[in-house]
Amino acid sequence: MTLVEYNYGMSGHSKWSTIKHKKAAEDAKRGKAFTRVSRLIVMAVQKGGSGDPTLNPVLRMAIEKGREVNMPNDNVRRAIDRGLGKSGEGKMEELSYEGYAPYGVGLIIETVTDNRNRIGGEVKNILEKAGGSIGGPGSVAYLKSITPVPLISLSVEQREKVEKVIDSLLELDDVMDVWSNVEK
0 MTLVEYNYGM
10 SGHSKWSTIK
20 HKKAAEDAKR
30 GKAFTRVSRL
40 IVMAVQKGGS
50 GDPTLNPVLR
60 MAIEKGREVN
70 MPNDNVRRAI
80 DRGLGKSGEG
90 KMEELSYEGY
100 APYGVGLIIE
110 TVTDNRNRIG
120 GEVKNILEKA
130 GGSIGGPGSV
140 AYLKSITPVP
150 LISLSVEQRE
160 KVEKVIDSLL
170 ELDDVMDVWS
180 NVEK
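Residue numbering for the sequence shown follows numbering that gives the first Met the number 0, starting at 0 and increasing by one per position.
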């Protein structure tokens, strides 16, 4: 009589299967942070005219933000090269969109993009789906004025809807910041 040994392995004990979803979410967050910082670096180089952080204080601050999110040096160098025009990609530009979220809440959406048509369509789509609209130039510029801005009081339900719109806008890669006149 021979003894036969079967090794089926232990089911449910794969370390990769338990961490892959968590890792994917963390990698997506890091990638988004790297994209934002990369755009800041490109704009700093274009504004300052120099790829040398000792001569360009705005670039130095952008690189510091990159270090805060553990951005690799290769990514920083590529962003500087893009800002200097050494890569074949389009030129980055800063754009501000003014619009209204539901309930008359004014929004200023600040973007950095290489394609103004794409980001314009995305911003307009998000606002219109939520019941808002794009405003004309100067329509909500008062949000960034020196004088106090009148704040809008909203119910909890209304505030949640407006916050959802703002979060949707901030999820776009090209959007850097959103200003509003909602009472905190």
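Just so you know, even glycine gets a beta-carbon here, dropped at the ideal spot from N, CA and C. These figures come from a predicted structure and were not determined experimentally.
When DSSP states are grouped into helix, strand and coil, Thr110 belongs to the strand group. In this structure, the CA atom of Val155 is about 45 Å from the CA atom of Asp73. Under the 10 Å beta carbon count, Arg38 is surrounded by 16 or more other beta carbons and is classified as buried. Taking 8 Å as the upper bound for CB-CB distance, Ala140 and Glu97 are in contact here, some 7 Å apart. If you look at Leu94, you'll find it in the beta strand (DSSP E) that goes Glu92 to Tyr99. Across the structure, Gly48 and Arg115 are spaced so that their CA atoms are roughly 22 Å apart. Distance from the CA atom of Gly135 to the CA atom of Ser179, rounded to whole angstroms, is 16 Å.
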